[in-house]
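Before any comments, here is the structure.
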Amino acid sequence: MPHLVIVSAAESSQRRLLVEAVEKARSDGYDVLGSSEETDWNGLFADAMTAGLFSSRSARVIEKAEAMGKFPDSLIPSLEGSDADYRFILLYGGGYKKFFPKDAIASSSVEEAEQVPFWPSQRTKWLLARARSLRIDLEYDAASLMVEWVEEPEELLSVLSTLGNFADGGTVDCDMVEKLVLNQEAKGMLRLLDGFCARKAGKCLQGFLELRETGDVIPTMAALHKRVRFAAYLSLTGGGDAVEKAFGMTKYQARQARDAAGRYDRQELKDLLAGVISLSMAERTGAGEGWAGFERLVLQSM
């Protein structure tokens, strides 16, 4: 009789968890058969009953397991523990519990994608914890930078693995992230945003030159608006850890915002914030000035 391995995750995480489940089955001595899309639980279990004719320990991957519907109560007594001679690796896109009675779940192995925090500061801590579990020496600022520029959690984990292999026991720092992770557009964006915070017109201009070739003006306005907004909040409230946490700033973002708040007075930040909002609205309605107007606004603020 079989043991069920339930893999439940959104599409972005499915492949990784499925690969891990298959690799574990192989390491446990199972012969992993090709994947299939079954539509009947009874037929699936009938295969398991005859599996011994071909292999002493076998595992089969069932993709789109939702198509088989609810697991029959009558089959619960047939389930065995993780040392069963046959495994079914069942792939679900999430919400697997509605397909199984509690007793069936209790007898199965469940591999679920972890819940990744939404707020950047919490996601940075999550990424640092994953780095520690992989024995990768990841600096906090480097983790913050990765979180700011890579949104998809699975892509973050992939990038982390790549950087860890490249570092080969060394430290993964901001310089490494900038060189290996950020594309030309992202590097231009980083120069523009950091140049604004440091009140360095030359660095901003360099960022603009790079972004004109590869970037879109509206997302760039949105990114600068976020950076100016953080600086304005700190300037108006006087800052502090409570304010930074309330707005979900990473330490990297908070440090940049503090830098900007110390270099611009409140009115300058208010004026630039209002100008960026106005330009963005005009751009979305087709009445904007494009890169020329945006560049002029930012450089004049300096």
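With UniProt numbering as the guide, the letters of the sequence shown map in order to residues 1 to 302. In this text, a Cβ means the ideal position worked out from N, Cα and C, and glycines have one as well. All values reported here derive from a predicted model rather than from experimental measurement.
Counted as a single uninterrupted DSSP element, the beta strand (DSSP E) harbouring Ile6 occupies residues 2 to 8.
By the neighbour-count criterion, in which a residue is buried when 16 or more other Cβ atoms sit within 10 angstroms of its Cβ, Phe118 is exposed. Between Gly188 and Leu209, the alpha-carbon positions lie close to 8 angstroms from each other. If the five residues before and after Gln256 are omitted, its C-beta is found closer than 6 angstroms to the C-beta atoms of Cys197, all from its own chain and listed in chain order. Distances from the alpha-carbon of Asp265 to those of Arg199, Lys245, Gly293 put Arg199 closest. In this structure, the beta-carbon distance from Val110 to Ile6 falls below 7 angstroms. Here Leu156 is near Val150, since their CB atoms are less than 7 angstroms apart. Ser133 is bridged by DSSP to nothing; it lacks a bridge partner.
Residue pairing by DSSP puts Ala59 in a beta bridge opposite Val32, Arg87. Non-local C-beta neighbours of Ala223 in its own chain, meaning closer than 7 angstroms and more than five positions away in sequence, comprise Met189, Leu193, ordered along the chain. Taking a cut-off of 8 angstroms on C-beta distances, the stretch 202 to 220 does not touch the stretch 158 to 169, as fewer than three cross pairs fall below it.
Inter-residue distance for Lys98 and Ser8 is about 12 angstroms (C-alpha atoms, whole angstroms). Cα atoms of Leu138 and Asp259: separation of roughly 24 angstroms, rounded to the nearest angstrom. Residue environment for Met281: exposed (fewer than 16 other C-beta atoms within 10 angstroms of its C-beta).
When only Cα atoms are considered, Val147 and Ser74 end up about 47 angstroms apart. Note on the stretch 220 to 276: whole alpha helix (DSSP H) runs with a minimum of 4 residues are 241 to 246, 251 to 263, in chain order.
Cα atoms of Leu269 and Phe230: separation of roughly 10 angstroms, rounded to the nearest angstrom.
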